[in-house]
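Top to bottom, those sequences are chains R and E. So the first sequence is numbered by my numbering: it starts at 11 and just counts up by one. So the second sequence is numbered by my numbering: it starts at 11 and just counts up by one. Notes for the one structure printed next.
Number of protein chains: 2
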Amino acid sequence: MKPMGGFGIALVVSAISLAAYGQPERNPAPVADAEGHLRVPADYHANYHMLGAWAVAADRGQGSKELHVVFASPGTIDAYLRDGHFGDGSVLVKEVFETATGSMTTGTVSHAQTLKGWFVMVRDSKNSHPGNKLWGDGWGWSWFDAANPSKTTSTDYKVNCQPCHVPAKASEWIYVSGYPALRK
Amino acid sequence: MKPMGGFGIALVVSAISLAAYGQPERNPAPVADAEGHLRVPADYHANYHMLGAWAVAADRGQGSKELHVVFASPGTIDAYLRDGHFGDGSVLVKEVFETATGSMTTGTVSHAQTLKGWFVMVRDSKNSHPGNKLWGDGWGWSWFDAANPSKTTSTDYKVNCQPCHVPAKASEWIYVSGYPALRK
Numbered sequence: 011m012k013p014m015g016g017f018g019i020a021l022v023v024s025a026i027s028l029a030a031y032g033q034p035e036r037n038p039a040p041v042a043d044a045e046g047h048l049r050v051p052a053d054y055h056a057n058y059h060m061l062g063a064w065a066v067a068a069d070r071g072q073g074s075k076e077l078h079v080v081f082a083s084p085g086t087i088d089a090y091l092r093d094g095h096f097g098d099g100s101v102l103v104k105e106v107f108e109t110a111t112g113s114m115t116t117g118t119v120s121h122a123q124t125l126k127g128w129f130v131m132v133r134d135s136k137n138s139h140p141g142n143k144l145w146g147d148g149w150g151w152s153w154f155d156a157a158n159p160s161k162t163t164s165t166d167y168k169v170n171c172q173p174c175h176v177p178a179k180a181s182e183w184i185y186v187s188g189y190p191a192l193r194k
Numbered sequence: 011m012k013p014m015g016g017f018g019i020a021l022v023v024s025a026i027s028l029a030a031y032g033q034p035e036r037n038p039a040p041v042a043d044a045e046g047h048l049r050v051p052a053d054y055h056a057n058y059h060m061l062g063a064w065a066v067a068a069d070r071g072q073g074s075k076e077l078h079v080v081f082a083s084p085g086t087i088d089a090y091l092r093d094g095h096f097g098d099g100s101v102l103v104k105e106v107f108e109t110a111t112g113s114m115t116t117g118t119v120s121h122a123q124t125l126k127g128w129f130v131m132v133r134d135s136k137n138s139h140p141g142n143k144l145w146g147d148g149w150g151w152s153w154f155d156a157a158n159p160s161k162t163t164s165t166d167y168k169v170n171c172q173p174c175h176v177p178a179k180a181s182e183w184i185y186v187s188g189y190p191a192l193r194k
């Protein structure tokens with residue numbers, strides 16, 4: 011039994027060190043429970059990969075009113091490059107920041123000031139939760155206010171989430187052209 | 011000896027799992043060699059914390075010409091909140107992206123398109139490299155083109171780096187007002 015025990019410990023160390031260096035970890039933080047209630051995965055800053063960033067222009071004048079930073083779960087990018095689509099279980103987390111804008115040495119500059127919340131999407135091509143109004147068209151969808159990353163305020167993805175994604179329907183509802191890491 | 015050996019393995023596992031969950035790790039990737047040559051730390055996406063994001067407005071019309079995303083080494087934010095200044099060894103990494111701008115469902119939106127490179131700064135209040143023109147005024151300073159994260163193209167921080175930071179001199183040359191996480 012002793013050699014087996016030592017081997018077991020070595021395997022544990024190996025799996026954890028991969029996670030520490032940004033490789034897929036074996037036990038990622040949960041993003042959905044059995045009923046399909048989503049939450050912001052607690053480990054996304056430590057274990058996800060930054061996929062891209064967006065600046066939404068101010069309605070009047072110069073500057074940006076919002077900054078968005080998007081993270082993808084471990085393995086998402088590699089699978090997309092290999093298969094040409096998002097693999098089931100892939101998670102996207104988009105941070106949404108309100109900005110403040112001012113004149114700086116490099117010009118008119120807006121910076122992330124306050125986190126408003128997160129958009130979370132989980133790929134699900136198998137329609138796993140047909141009775142849940144936050145799942146459909148190949149994804150689980152939810153918005154989370156900054157104050158509560160574990161309980162969504164969304165009630166129906168077709169009303170709360172999908173309308174802004176209609177122009178990206180052909181690319182699995184994701185604006186992949188904004189994510190150069192997804193291009194071969 | 012056997013009990014000691016088991017205890018040693020347990021300590022290793024504990025240190026590595028902390029790193030996997032975004033806590034300070036014991037052996038971060040190097041950012042400077044003994045002579046003070048900086049490099050982009052290989053682990054910053056996995057182990058650093060996102061400190062903030064910036065959008066630089068386009069010269070004409072709407073949209074942003076650059077997006078910047080800033081990361082701080084483990085412990086930097088906690089030390090700043092505790093002491094009111096950056097602790098020696100704190101590392102800041104700023105990704106600089108060129109953008110593409112278009113009309114989207116949320117308005118005029120720019121997204122990170124191409125990584126131009128990184129600004130790296132390392133806090134050094136002790137003037138550790140007095141003969142090195144990339145160290146001084148409390149920091150090591152360097153720019154890295156995207157093609158070479160291990161060799162800077164900067165030759166003199168007073169010419170290549172510091173001029174854009176002059177308005178932030180009173181806050182240790184850092185635009186801390188753009189980083190809400192540094193506010194108590």
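In this text, a Cβ means the ideal position worked out from N, Cα and C, and glycines have one as well. Keep in mind the model is a prediction, meaning the values are calculated, not measured.
Query                                                                                                          : Result
Under the three-state DSSP convention, the category E:Lys179 falls into                                        : helix
Reference R:Val169, options R:Leu144, R:Lys104 and R:Trp149, closest by Cα                                     : R:Leu144
Cα-Cα separation between E:Lys126 and E:Pro38, rounded to whole angstroms                                      : 24 Å
Inter-residue spacing [alpha-carbon to alpha-carbon] between R:Thr86 and E:Gly62                               : 24 Å
Boundaries (first-last residue) of the beta strand (DSSP E) holding R:Arg70                                    : No beta strand (DSSP E) holds R:Arg70; DSSP gives it neither H nor E.
CA-to-CA distance, R:Ala122 to E:Gly73, given in whole angstroms                                               : 16 Å
Inter-residue CB distance, R:Ser152 and R:Asp98 (contact presumed, cutoff 8 Å)                                 : With 8 Å as the limit, R:Ser152 and R:Asp98 do not qualify as a contact, their Cβ atoms being about 17 Å apart.
Cβ-Cβ distance between E:Gly117 and R:Val176 below 8 Å                                                         : no
Closest residue to R:Val80 among R:Asp88, R:Val103, R:Gly94 and R:Asp166 (Cα-Cα distance)                      : R:Val103
Contact list for R:Gly188 against chain E, beta-carbon separation under 7 Å                                    : His121
Burial state of R:Arg193, where buried means 16 or more other Cβ atoms lie within 10 Å                         : exposed
C-alpha distance - R:Ser181 paired with E:Asp69, whole-angstrom precision                                      : 32 Å
Cβ shell of R:Val41 (< 7 Å), same chain only, five flanking positions each side left out                       : Leu48, Arg49, Pro51, Val101, Val130 and Val132
Straight-line Cα distance separating R:Asn142 from R:Lys172                                                    : In the sequence under discussion, the amino acid at residue 172 of chain R is Gln, which differs from the Lys named in the question. So the two alpha carbons sit approximately 15 Å from each other.
Secondary structure of E:Ala110, DSSP reduced to three states                                                  : strand
Endpoints, beta strand (DSSP E) assigned at R:His121                                                           : Gly117 to Arg133
Sub-8 Å separation of E:Pro84 and E:Tyr58 beta-carbons                                                         : yes
Proximal residues to E:Pro190 (C-beta, below 8 Å), its chain only, five neighbours per side dropped            : Gly62
Endpoints, beta strand (DSSP E) assigned at E:Asp155                                                           : Trp149 to Asp155
Bridge-paired residues (DSSP) for R:Glu105                                                                     : R:Val79 and R:Trp128
Neighbouring residues, chain R, relative to E:Pro177 (Cβ below 8 Å)                                            : Met114 and Thr115
Length of the line joining the Cα atoms of E:Ala224 and R:Ala56                                                : Lying outside 11 to 194, the shown extent of chain E, residue 224 of chain E is not represented and no answer is given.
Inter-residue spacing [alpha-carbon to alpha-carbon] between R:Gly32 and R:Gly46                               : Note that R:Gly32 scores a pLDDT of 40, beneath 50, so its modelled location is shaky; the value from the coordinates is reported in the next line. About 27 Å.
C-beta neighbour in chain A for R:Thr118, strict 8 Å                                                           : Included in the structure are the protein chains R and E, with no chain A among them.
R:Thr163, buried or exposed, once every other Cβ within 10 Å from all chains shown has been counted against 16 : exposed
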